[in-house]
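The numbering used here applies: residue 388 is where the sequence shown begins, and numbers increase by one.
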Amino acid sequence: MIHYKAIGKIIGVLLVLLGILMLPSIAFSVYYGSNDLMALVYSAIISALSGGLMFSSFAKQDENIRKREGYLIVSLSWIFMSIFGMIPYLFSGSIPYWPDAVFETISGLTTTGATILEDIESVPVGILTWRSMTQWIGGLGIIVLTVAIFPLLGIGGIELFVAESPGPTSDKLHPRIRETAKRLWFVYVGLTLVLMVLYKLAGMSVFDAVNHALTTMATGGFSTKNASMAHFDIPAIQYIAIVFMFLAGTNFTIIYFGLKGKFRQVWASDEFRTYLFVVIFIVVVLTVPIYFLTCDPMEKAFRDALFQVVSLITTTGFVTADYLSYHDSLVIIFFMLLFLGACAGSTSGGIKFVRHLAFVKNSYLEFKRIVHPRAVVPLKINGDRVTGKVITHIMNFLLIYLAIFVFGTIVMSLAGYDLITSFGSVATSLGNVGPAIGLVGPMDNFAFFSPFAKLFLCFLMLLGRLELFTILVLFTPYFWRAN
């Protein structure tokens, strides 16, 4: 039997948190005298009161949640946060049409970064700050924040953490799940604050520094400028963004070990080394052709190549150049980057390097098993043997991901969009990236899609952010059968 009251209790807490997290947007609105103040105040009150009412109604429920409740809480919480998160857009009139408001909110919370706004710089500052906050909230997962701050809810946290935390790994910094969640959030918050200061020192205004720090660490890509990071054509700003996008795409356990000076443990990670080498290799491959195609100085060609590669691999989605203007061969490479993702346990979306690494290693070992059928040839990552159950899970994930990509492309094509745009919109939504190819390139937006297409892409964003199984398991009869 599913404990629905315990689910309602947790979702109530999340909505209260959502209302509290609207306060920075209200502060910016007050400081700049923006006309969106009351819309944000009313939105915060509605979210907090609704959450408080739900929590108080089920406060006496102390059942421990199991896996089924954990998956339901995570899935439903994203739906509820999307509903309440879009209220500021509707109340302020910045996005008056509800399918557009839903799209912008889910794109923010899933850190996809796709937008329907055609003139971002005309949007009030408070709404822009809330827009950035949605990405920061979704970056490491508000569920993890709840587990860290509200251990006295009377509800177990491990199933929430497993259902929400990205990637197939379960590396923990501390044996107690609450301490793990806290330490992850301390790293996340600390790096965000440092990045705000660095952006400001490099030449951004306080408003731009705060907003871009929030969306950089979340690997979200929302910007306060129509031209995204290309607006800030200052090498220092772009190199700072590159470093922190790369860090945000790194497993936060690895970052924690690095901050503690445990560099051997950092370098012992097969996934991190692969992530680093792939970025370096692709940048080397792209820099020279970009230099000759654009006739820019070598440093600018290198910076654009490095920025776009890191931005797409980490699924951040910031842009400094229109890569669709390059030769088709380079465009294909950039499109392929949409399917990589960075490290498991990071704020990035996508498939993740650990899955690619396991697939490549296992495929290579399969040849050895063919030659030596009686030999025991285990797959190892980080020196540890990967069990058959994990390998099966990874292979199933990759196959389902491919199937959803194909299915999504067919749906978008039937909705009336050309094949390249269908490819691009589905790949970028499922991978939580932002820019893609076709009519959704780095200089375009998603405003032209029909309401159906936008809502379908929203579903893909949620699937990608929660790594497929968390949502897809809800559509199986096994999930709903009583114990």
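Don't be surprised by glycine CBs; every beta carbon is placed ideally from N, CA and C.
- Three or more Cβ pairs closer than 8 Å define a contact, and the segment 612-624 meets that threshold against the segment 496-516.
- Note on geometry: alpha-carbon atoms of Met520 and Thr702 lie some 17 Å from one another.
- Within the segment 442-482, not a single complete beta strand (DSSP E) segment reaches 3 residues in length.
- Separation of Ala729 and Tyr429 (C-alpha to C-alpha, rounded to the nearest whole angstrom) is 38 Å.
- For the 8 Å CB-CB criterion, Ile768 and Leu727 do not form a contact.
- When Thr516, Ser750, Thr497 are compared, the shortest CA-CA separation from Gly525 is found for Thr497.
- Separation of Ile627 and His599 (C-alpha to C-alpha, rounded to the nearest whole angstrom) is 11 Å.
- Beta-bridge analysis with DSSP links Arg772 to Lys767.
- Under the DSSP assignment, Asp620 falls outside any alpha helix (DSSP H); it carries neither an H nor an E label.
- Secondary structure of Ala708 (DSSP, three-state): coil.
- For secondary structure counted as the beta strand (DSSP E) over 3 or more consecutive residues, the segment 621-677 holds no complete run.
- A Cβ-Cβ distance of about 5 Å is found for the pair Leu527 and Tyr575, placing them in contact under the 8 Å criterion.
- Straight-line measurement puts the Cα of Asn819 at about 5 Å from the Cα of Gly736.
- For the 8 Å CB-CB criterion, Ala802 and Ser837 form a contact.
- Contact holds between the segment 475-495 and the segment 411-431, because three or more Cβ pairs, one in each stretch, are under 8 Å apart.
- Around the beta carbon of Ala840, 16 or more other beta carbons lie within 10 angstroms, which makes this residue buried.
- For Cys845, the enclosing alpha helix (DSSP H) begins and ends at 838-852.
- Exposed is the label assigned to Arg772, since fewer than 16 other Cβ atoms lie within 10 Å of its Cβ.
- The continuous alpha helix (DSSP H) containing Asn749 extends over residues 740-758.
- One Cα belongs to Thr863, the other to Thr606, and the distance between them is close to 31 Å.
- At least 8 Å separates the beta-carbon of Ala596 from that of Ala623.
- Residue state for His599 is assigned as helix, using DSSP reduced to three classes.
- Using a Cβ distance threshold of 8 Å, Thr499 and Gly821 count as a contacting pair.
- Membership of Leu724 in the alpha helix (DSSP H) is indicated by the continuous run 715-724.
- Residue state for Val827 is assigned as helix, using DSSP reduced to three classes.
- In the structure shown, the three-state DSSP call for Phe694 is helix.
- Your pair Ala692 and Val670 checks out as a contact, with CB atoms roughly 5 Å apart and the cut at 8 Å.
- Straight through space, the alpha carbons of Gln522 and Thr774 are spaced by roughly 34 Å.
- The straight-line gap separating the alpha-carbon atoms of Val798 and Tyr788 is approximately 15 Å.
- Across the structure, Ser656 and Ser733 are spaced so that their CA atoms are roughly 14 Å apart.
- Contact between Cys845 and Val489 holds: CB atoms are separated by about 6 Å, below the 8 Å threshold.
- Between Leu711 and Val718 a beta carbon distance of about 6 Å is seen, short of the 8 Å cut, so the two are scored as contacting.
- Taking the CA atoms as reference points, Gly577 sits about 34 Å from Phe445.
- DSSP, reduced to helix, strand and coil, places Arg518 within a helical segment of the structure shown.
- By the 16-neighbour rule on beta-carbons within 10 angstroms, Arg518 is buried.
- Judged by DSSP in its simplified three-state form, Ile493 adopts helix.
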